[in-house]
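Working notes for the structure below.
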Amino acid sequence: MNLDHEKKLAGEAAAELVEDGMTVGLGTGSTAAYAVRRLGERVRAGLHVRGLPTSTHTEALAREVGIPLVDFAEVTRLDLTLDGADEIDPDLNLIKGGGGALFREKIVAAASRRLIIFADHTKLVPQLGAFPLPVEVNPFGWQVAAERIAALGAHVTLRQSGEGPFVSDNHGYILDCFFGKIDDPVALERHLAAVTGVMESGLFVRMAERALLGDGQAVRTIQPAP
């Protein structure tokens, strides 16, 4: 089982959904990079699109492969966003933010008419929660937010990078919050949003239109029940 191959299959399949003239949100992470590279190939072959990246890393990659870029000063509505996920449940609720870009990823997803998620087959789970939920917080008083989140039932860890805390592109800290099985993603997202100091959580609830999963040598499509 080659998970990188599955990611590549799914990412390239997602890039094929982009149509001429679209403005596209570009996700962050190793899986999203496959879609960005394939989209760059399509641009070099004559496809006319504009991309809006969700991180400085994705911005650099998109420039490298030749995708013209815009920002929210130029557009406030996107046709499509392509992004990966750390966990996907059968209703297409997601945990995202393993790469630390969840704040920008959620803004871009919310501004998009369609959100397409792609991943290897192991990311589809019966219930969210095996992967710690990333929550971005303001560095000032992050300990207060961490205490409030712990009171919701989580084991909370401040994400580290090198000799200090990981700092996002928005200069926020990331709290990795292990809740165990998440029975009600809608309620948990609401409770987290009410915590003072929380900038955004990595729960993406009822946002995705479909998920493309690499599964062996094929790609299968998951859509939420009507």
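Note that the sequence shown covers residues 2 to 227 in the working numbering.
Cβ coordinates follow ideal geometry from the N, Cα and C atoms, glycine included.
Please state if the CB of residue j and the CB of residue i are separated by a distance shorter than 9 angstroms.
| i | j | result |
| --- | --- | --- |
| Asp84 | Thr29 | yes |
| Leu134 | Met208 | no |
| Gly1 | Glu7 | For the chain, the structure presents residues 2 to 227; residue 1 sits outside this window and is missing. |
| Gly41 | Gly67 | yes |
| Arg64 | Leu70 | yes |
| Gln128 | Asp184 | yes |
| Val76 | Val50 | no |
| Ala194 | Asp92 | no |
| Ala155 | Cys178 | yes |
| Lys97 | Gly203 | yes |
Is it buried or exposed, residue i, if we count other Cβ atoms within 10 angstroms and call 16 or more buried?
| i | result |
| --- | --- |
| Glu1 | Because the chain spans 2 through 227 in this model, residue 1 falls outside it and cannot be assessed. |
| Glu137 | buried |
| Asn94 | buried |
| Asp87 | buried |
| Thr197 | exposed |
| Lys182 | exposed |
| Thr222 | exposed |
| Glu17 | exposed |
| Asp5 | exposed |
| Asp21 | exposed |
| Ala33 | buried |
| Gly47 | exposed |
| Gly26 | buried |
Our contact map puts residue i next to residue j with C-beta atoms below 8 angstroms; I'd like the distance itself, whole angstroms only.
| i | j | result |
| --- | --- | --- |
| Ala112 | Thr55 | With 8 angstroms as the limit, Ala112 and Thr55 do not qualify as a contact, their Cβ atoms being about 11 angstroms apart. |
| Val109 | Leu62 | Going by Cβ atoms, the distance from Val109 to Leu62 rounds to 15 angstroms, so no, they are not a contact pair. |
| Val206 | Val220 | Going by Cβ atoms, the distance from Val206 to Val220 rounds to 24 angstroms, so no, they are not a contact pair. |
| Phe180 | Gly130 | 6 angstroms |
| Glu201 | Lys124 | The Cβ separation is near 20 angstroms, so there is no contact. |
| Asp170 | Arg114 | In fact, because the Cβ distance is near 24 angstroms, the residues do not count as touching under 8 angstroms. |
If we cut at 9 angstroms on Cβ distances, does residue i have a partner in chain B?
| i | result |
| --- | --- |
| Val19 | Chain labels in this structure do not include chain B; a single protein chain is all it has. |
Between which two residues does the beta strand (DSSP E) carrying residue i extend?
| i | result |
| --- | --- |
| Val199 | 199–202 |
| Pro135 | 134–138 |
| Arg115 | It is not in any beta strand (DSSP E) - Arg115 carries neither H nor E in the DSSP assignment. |
| Val19 | Premise fails: Val19 is in no beta strand (DSSP E) and is neither H nor E. |
| Ile272 | Since the first and last residues shown for the chain are 2 and 227, residue 272 lies out of range. |
| Val175 | Correcting the residue identity first, residue 175 is Ile in this sequence and not Val. Looking at the DSSP string, the run of the beta strand (DSSP E) that includes Ile175 is 174–179. |
| Gly215 | 211–216 |
Can you give me the start and stop residues for the alpha helix (DSSP H) that residue i sits inside?
| i | result |
| --- | --- |
| Gly41 | 31–45 |
| Arg105 | 103–111 |
| His192 | 186–194 |
| Leu146 | According to the sequence provided, residue 146 is Ala. The question's Leu does not apply to it. Start and end: 143–152. |
Three or more C-beta pairs below 8 angstroms linking the region 157–171 and the region 117–127: The region 157–171 is not in contact with the region 117–127.
Contact between the region 139–153 and the region 206–215 (3+ Cβ pairs under 8 angstroms): no
Cβ contact (3+ pairs, closer than 8 angstroms) linking the region 31–46 and the region 143–152: no
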